[in-house]
Amino acid sequence: MIPENIFSCSTCGAACAAPCPTAPGDRHHGPRRHGRGSSVPFTLSHPAAVLPLLRHPFSPAALVCGAMAPDAPYFLSAAHIPVSAQSWYEPFLNATVSHTLSGIAVSGPFALALLALYRLVRRPAAALLPARLSPAGTADRGGGNGLRRAGWVLLSALIGILTHLLWDSFTHGDGYLVTHLSFLRSSVTGDLTVARLVQHISTAGGLIAVVVHLWRRRHRASAGDTGQAGLPAAARWSLIAVLTLAALTGAVANTHTLEYYRGEPATADQATAQQAAEAVLSDWATGGGTALACAFILYACAWWVHGAIRSTKPHDSGARQNRTQTARSRPGRSRPTPPSR
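Note that my numbering has the sequence shown beginning at 783, numbered continuously upward.
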């Protein structure tokens, strides 16, 4: 039974925390965890908002992770985890919740989880790059040590989350500024609203800013902080091929039928070609991104295990060599030289 404050989405049949928004051009049904017809700024564009803050005493990694954290439910939805309105973990799969101020309680743990994953995959990712592009060995900055540094990490993650919420507030059909400023809901052409146009422009601009930032940092390339040489070219390209295949497989697996994107036959409003295309691209991005992340985590774990095994071999051989040399140098153990005839 659905509680009184929960609505049954007439399109997707899910238990929703609020009625479907009716902003022009927005075909989103139910919580954003369903993702159907919803269009949001590309997740990898959001770090552009924190680029000016990537300096002491903030934690750059926490800023970036916080800037992407509210979109985590989109990618978890690609795993098709069973959920209902009564599930205790429902807020963590509901992007509507994570995109509110009260949802910081959801986005915060996601930001810390992303930060932990960053620590896990940073060095394995560097091993996939050619030596000339390996990142320089710079530790993540943060003010002070211990509790003080932890405080800066938490503050950085919070700032990153707030930049995400602010950005989405004037680009989402149900964003705070969109619902309170009528000109953002006005039509530019057809179903394209001002908010949607700003969304597309800011998404492209943010992604370009991130790429330019990374390109400018290429001069910091060095041997890296991996402590090991990069992977051989054959192994590198083989892994890249496997990761690419995983992303493509996830994108295809997360694709629905044409009727799904056009709208149920029983509904009055049908998705336009633009809205259907945006929904398909959104599903491809979330499905492919989720599969790529899972494959990369598996690779990172294998990289760490392989590194641990390799690090023990030189130590063991060196110990055996030292024991041999010690035994040979002990007095009374060497055989006497026979007299010459």
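Even glycine gets a Cβ: it sits at the ideal position worked out from N, Cα and C.
For residue i, count neighbouring Cβ atoms within 10 angstroms of its own Cβ and tell me buried if that reaches 16, exposed if not.
i	result
threonine 1026	exposed
threonine 953	buried
tryptophan 949	buried
leucine 966	buried
isoleucine 886	buried
leucine 762	With the chain represented from 783 up to 1123, any question about residue 762 goes unanswered, as that position is not in the structure.
tryptophan 934	buried
arginine 814	Here arginine 814 scores only 45 on pLDDT, less than 50, and its place in the model is too uncertain to base an answer on.
alanine 1015	exposed
glutamate 1041	exposed
alanine 1075	buried
alanine 1061	buried
tyrosine 871	exposed
glycine 928	exposed
valine 970	exposed
valine 1034	exposed
valine 1087	exposed
So, for residue i: in the same chain, excluding its five sequence neighbours on each side, which residues have a beta-carbon less than 6 angstroms away from its beta-carbon?
i	result
phenylalanine 892	Ala851 and Ala854
leucine 740	Residue 740 lies beyond the residue range present for the chain, which begins at 783 and ends at 1123; the question has no answer from this structure.
tyrosine 958	Ser951
leucine 833	His995
alanine 830	Gly988, Ala991 and Val992
alanine 1067	none
valine 879	Pro873, Gly885 and Val888
arginine 1092	none
Checking contacts by CB at 8 angstroms: is residue i closer than that to chain C?
i	result
arginine 999	In the structure shown, chain C does not exist; there is a single protein chain.
Determine, using beta carbons only, whether residue i and residue j come nearer to each other than 8 angstroms.
i	j	result
serine 859	leucine 875	yes
threonine 945	alanine 849	yes
threonine 975	serine 964	no
histidine 881	leucine 947	yes
alanine 977	valine 960	yes
glycine 1069	asparagine 1036	yes
To which residues of the same chain is residue i closer than 8 angstroms at the C-beta, ignoring the five residues directly before and after it?
i	result
glycine 1071	Thr825, Phe857, Ala860, Ala1029 and Gly1032
cysteine 1080	First, the amino acid is wrong: residue 1080 is leucine here, not cysteine. So the list is empty, once near-sequence residues are dropped.
tryptophan 1085	Arg905, Pro906 and Ala909
leucine 1021	Leu910, Leu1013 and Tyr1081
Quick one: residues in its chain with C-beta nearer than 7 angstroms to the C-beta of residue i, no 5 flanking neighbours on either side, listed in chain order?
i	result
cysteine 847	Ala893, Leu896, Leu897, Tyr900, Ala939 and Gly942
alanine 1073	Ala1028, Ala1029, Thr1031 and Gly1032
phenylalanine 1078	Val903 and Leu1025
Inset, instruction - Would you be able to state if there are at least three C-beta pairs under 8 angstroms between the region 843 to 850 and the region 894 to 901? - result: Yes: at least three Cβ pairs fall under 8 angstroms.
Inset, instruction - For the region 937 to 1005, list the beta strand (DSSP E) runs that are entirely contained and at least 3 residues long, ordered along the chain. - result: Listed in chain order, the complete beta strand (DSSP E) runs (minimum 3 residues) inside the region 937 to 1005 are 969 to 971.
Inset, instruction - Please specify which runs of the alpha helix (DSSP H), each continuous and at least 4 residues long, are wholly inside the region 1022 to 1088, giving them in chain order. - result: The qualifying runs are 1040 to 1044.
Legend entry - Those runs of the alpha helix (DSSP H) which lie wholly inside the region 824 to 892 and span at least 4 residues: With a minimum length of 4 residues, the continuous alpha helix (DSSP H) runs that stay inside the region 824 to 892 are 842 to 850, 854 to 859 and 877 to 880.
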